[in-house]
Amino acid sequence: MKHRHWILAAVLMLVGAERAAAEDICQAREGYVIGYFNGVGNTQAMALAGMAGIKRTMLNLSMVTTNDDGSVRTFLDANGESEPVVFEAFFNTTGSENGRSVFEDLVEVFEQRRVELGEISSNRWDLFWASLGGRGSRSLWDVLANAETAEFDAFEESLISETANAMVSSFGHIFENPPTARDAGVQQTRLKSLALEGKKLLLIAHSQGNLFVNPAYDAVLEVDGFDESSVSVVHIAPASPTIRGDYSLASRDVIINALRVTGFFTVQDNNVDLPLSHLQEDATGHFLVETYLNMLLDTGPQVAGMIETAFNGLVSPTTDASEGFFTVTLTWDGSGDVDLHSFEPDGTQVFYSNRQGSSGRLDVDNTRSNGPEHYFATCESDDLQLGTYRFGINNFARAEGRRATLQVSSSADGVLFTTNPAVDVGPAQGSAGNRSPNMLVDVIVEVDDEGVYQASARPN
Amino acid sequence: MNHPNVLIVLLCGALTACGGGGGSGSSAPAAPPPSSPPPSGGNDQQPAASIDSLVADAEADGRITVFDRSDDIAGGDVDDNGIRDDIESYIDSFSLPAERAAAARQVARSLQSALLTDITDADSLRSASLAMRRAVSCLAQQSSEALEVNELVRALEAATANTRQRTDRYVAYNEALSGEVLRLPDVNACDG
């Protein structure tokens, strides 16, 4: 009898081993990506806090829910299924009219204005960040503002006015020098990858982010099989002359009203009222969390309603690329045929004439213009080789002068690496170049002691 | 492209309309009441205090934290935990619940890391960026109020980049990330 138990245990172990060998190690399939294009004068931290505010809005209004591990999903549908929802910031600081960043302009404005406060301001740059919204009930800014001295009031008025001037000027600069495919290579390549992999895209832009989201939206629609039913844009305080979806613009948005007065370009009509008293909380009437996501105002419910409508209206695209454990996407900025070449750890070369590798597949090949080309590594742990995968490009034909962007993403962590700036594709080499592509990036796949698979990327 | 003067007029009008105190009504982060009476305001008849004395009084009576304003980027960190000592005191002054305070410390650590990272090294930059994404995500998981998360992040950012040298470094860090796509990590966002 003991032997029988031992045999049974052995069989169960074998079954278990077989199941473990076939483990799906990808963390997200299909589903939604909420892309947030941040406002003017935002740091990474500010943009992330804003995006977290959007996520909180969607959670609080039961548009989405969370698993125990913190991941976000849609609620179960009638078939008992739900889909993952991830949030990604398409981060941009802002250029200005004199070639510097808007941050450098804002620093200069503060340096000039702070003298009004005297020597005590000489090294209190927390006041600078407070002027951009970084204040609180225990901040120096609020102590001084609450004291209502003529000295500080004059400083505040002049600083905020000139800060707004710098911001509005930056809008004009971006409008006159809109991001090109080359400038926005990282972000547009990411969107095209997501579209290829069957994601539904909700793009939410605030302030200057609207000047970036419009070309991004137009670019993602270039992907075969991906159309307007799978991507929506919600414009918040749009500092842009055109829009691609519904928008919210408050009557007392001081920044956009100032932009309107300059005549740099036409902006949308106001479509929601903001009480005058709210300017005590946000003197600009423009900030994302304080004003446009504020559910105590008319702005918050309006924006939330637009997000909910857009989110619920998205349908899955008919694109047929796969989201692998990791993926590599190639795009370029014009016509011609550029090829993606992959060398797997066992030496298998995956490219247009050998699309199936040992661990991955070139599932999208483009011979006309712009790309994308797309390689995915399998999600099956027993087929995924550990080791180094190498990726390069070859200008097969007609792409002289083009610049290419190669981007590595993983299902767990999003974008891991992008060639930035984009790379010159070099002279056309035809099939002769298949033997010696320009190698650009290595992807290393490892598994740790706990059996967790990880991918990392580094330039070649 | 000129800066139209009309902008200044328009903005001053807005500020005058709200009493010139844009931001004085800021509510979070869950600060305790001041330990001493507020400075004289507009309703009493006492002469207005000078800026210097307002700052000195506020620092002396603990209404605001006395921040490290030394010339070096790192500042003082006696316990070597990656958070400036003055900013730890600043976080303590908010009297946050334990898990939220831990998340705020994680944000502060990531901001400090952003100041100190070598932005010319792609791996270091990516690592610092990921640490900040995890930290903000963690804080957002610990607070159901978007406004509180936003104000805590911004307050810690202001405290961390509180000198010209630190501001310049922090601006350079952010410029280096411009154009990137940054996922907000949901799983295992909180340290420990």
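Going down the list, the sequences are from chains A and B.
First residue of the first sequence? That's 1 in the numbering used here, and the numbers climb one at a time after it.
First residue of the second sequence? That's 1001 in the numbering used here, and the numbers climb one at a time after it.
All C-beta atoms, glycine included, are put in the ideal place defined by N, C-alpha and C.
All values reported here derive from a predicted model rather than from experimental measurement.
Which residue's Cα is closest to the Cα of residue i: the options?
| i | options | result |
| --- | --- | --- |
| V254 (chain A) | A:D273, A:N370, A:G245 and A:I243 | A:D273 |
| G300 (chain A) | A:D68, A:A237 and A:F326 | A:A237 |
| Y389 (chain A) | A:V415, A:D413 and A:V350 | A:V350 |
| N92 (chain A) | A:R138, A:P84, A:S101 and A:G414 | A:S101 |
| D346 (chain A) | A:G245, A:G360 and A:Y375 | A:G360 |
| A1146 (chain B) | A:T378, A:D320, A:L59 and A:L406 | A:L59 |
| Y352 (chain A) | A:D298, A:D320, A:T291 and A:G433 | A:G433 |
| A412 (chain A) | A:G133, A:Q208, A:G324 and A:N366 | A:G324 |
| P215 (chain A) | A:F264, A:E108, A:P178 and A:S230 | A:P178 |
| L221 (chain A) | A:H286, A:S436 and A:P317 | A:P317 |
| G1179 (chain B) | A:G426, A:F90 and A:L106 | A:F90 |
For residue i versus residue j, is the C-beta distance shorter than 8 Å?
| i | j | result |
| --- | --- | --- |
| N123 (chain A) | R1063 (chain B) | no |
| V423 (chain A) | A399 (chain A) | no |
| E450 (chain A) | Q385 (chain A) | no |
| L1125 (chain B) | V143 (chain A) | no |
| P421 (chain A) | V441 (chain A) | no |
| S410 (chain A) | F326 (chain A) | yes |
| Q1112 (chain B) | A1135 (chain B) | no |
| G50 (chain A) | L288 (chain A) | yes |
| Q268 (chain A) | I307 (chain A) | no |
| L296 (chain A) | K200 (chain A) | no |
| F212 (chain A) | A258 (chain A) | no |
| F37 (chain A) | G209 (chain A) | yes |
| L159 (chain A) | L140 (chain A) | no |
| S207 (chain A) | A239 (chain A) | yes |
| V415 (chain A) | R190 (chain A) | yes |
| G336 (chain A) | R435 (chain A) | no |
| A1158 (chain B) | A130 (chain A) | yes |
| S342 (chain A) | F391 (chain A) | yes |
| G474 (chain A) | V338 (chain A) | In the structure as shown, chain A starts at 1 and stops at 460, and residue 474 (chain A) therefore has no counterpart that could be examined. |
| S1169 (chain B) | L1130 (chain B) | Checking the displayed sequence, the identity of residue 1169 (chain B) turns out to be Arg instead of Ser. In this structure, L1130 (chain B) does not lie closer than 8 Å to R1169 (chain B) by Cβ. |
What is the DSSP secondary structure of residue i, reduced to helix, strand or coil?
| i | result |
| --- | --- |
| N354 (chain A) | strand |
| R368 (chain A) | coil |
| R435 (chain A) | helix |
| H374 (chain A) | strand |
| L386 (chain A) | coil |
| Q268 (chain A) | coil |
| F171 (chain A) | helix |
| I204 (chain A) | strand |
| H286 (chain A) | coil |
| R1069 (chain B) | coil |
| F152 (chain A) | helix |
| E281 (chain A) | coil |
| D69 (chain A) | coil |
| R1183 (chain B) | strand |
| S1024 (chain B) | Confidence at S1024 (chain B) is low in this model, with a pLDDT of 37, below 50, so its placement is unreliable and the value that follows should be read with caution. Coil. |
| D273 (chain A) | coil |
| F396 (chain A) | strand |
| Q454 (chain A) | strand |
| D1191 (chain B) | coil |
| S101 (chain A) | strand |
DSSP has residue i in a bridge; who is on the other side?
| i | result |
| --- | --- |
| G409 (chain A) | Inspection of the sequence shows that residue 409 (chain A) is occupied by Ser rather than by Gly. In the DSSP output, where bridge partners are listed per residue, S409 (chain A) has A:T327 and A:V415. |
| W332 (chain A) | A:A404 |
| G35 (chain A) | A:E88 and A:L203 |
| G313 (chain A) | G313 (chain A) pairs with nothing; no bridge assigned. |
| R468 (chain A) | Beyond the ends of chain A as shown, which are 1 and 460, falls residue 468 (chain A); an answer cannot be given. |
| H235 (chain A) | A:A205 and A:Y247 |
| F343 (chain A) | A:Q349 and A:R390 |
| V441 (chain A) | A:F391 and A:P459 |
| V423 (chain A) | A:A404 |
| D24 (chain A) | A:E380 |
| I81 (chain A) | Checking the displayed sequence, the identity of residue 81 (chain A) turns out to be Glu instead of Ile. In the DSSP output, where bridge partners are listed per residue, E81 (chain A) has none listed. |
| D337 (chain A) | A:A397 |
Beta carbon of residue i: closer than 7 Å to some heavy atom of the ligand GDP?
| i | result |
| --- | --- |
| R56 (chain A) | Ligands are entirely absent from the displayed structure, and the ligand GDP is therefore not among its contents. |
Closer than 7 Å between beta carbons: that is the criterion. Which residues of the segment 188-222 of chain A meet it against chain B? R190
Counting only Cβ-Cβ distances shorter than 9 Å, please list the residues of the segment 1081-1115 of chain B near chain A, keeping chain order. Y1090, S1093, F1094, V1107, S1110, L1111 and A1114
Would you list, in chain order, the members of the segment 222-234 of chain A that have their beta-carbon closer than 7 Å to a beta-carbon of chain B? none
Could you please tell me which residues of the segment 54-80 of chain A, in chain order, have their CB closer than 9 Å to any CB of chain B? I54, K55, R56, T57, L59, N60, T66, N67, D69, G70, S71 and V72
Positions along the segment 1049-1083 of chain B whose CB lies within less than 8 Å of some CB in chain A: A1049, S1050, I1051, D1052, L1054, V1055, A1058, R1063, I1064, T1065, F1067 and R1069
At a Cβ cut of 8 Å, what residues of the segment 1158-1169 of chain B count as close to chain A, listed as they run along the chain? A1158, A1159, A1161, N1162, T1163, R1164, R1166, T1167 and D1168
To be precise: take each residue of the segment 36-47 of chain A, compare its Cβ to all Cβ atoms of chain B, and keep it if any distance is under 8 Å. Which residues remain? T43, Q44, A45, M46 and A47
Members of the segment 314-340 of chain A that neighbour chain B once the beta carbon cut-off is set at 7 Å: none
Where the segment 125-148 of chain A meets chain B: residues whose CB sits under 7 Å from a CB there: W125, D126, F128, W129, A130, G133, G134, R135, G136, S137, R138, S139, L140, W141, D142, V143, L144, A145, N146, A147 and E148
Quick one, which residues of the segment 1176-1189 of chain B are near chain A if we go by CB-CB under 7 Å, in chain order? L1177, S1178, G1179, E1180, V1181, L1182, R1183, L1184, D1186, V1187 and A1189
Quick one, which residues of the segment 1119-1134 of chain B are near chain A if we go by CB-CB under 9 Å, in chain order? A1122, D1123, R1126, S1129, L1130, M1132 and R1133
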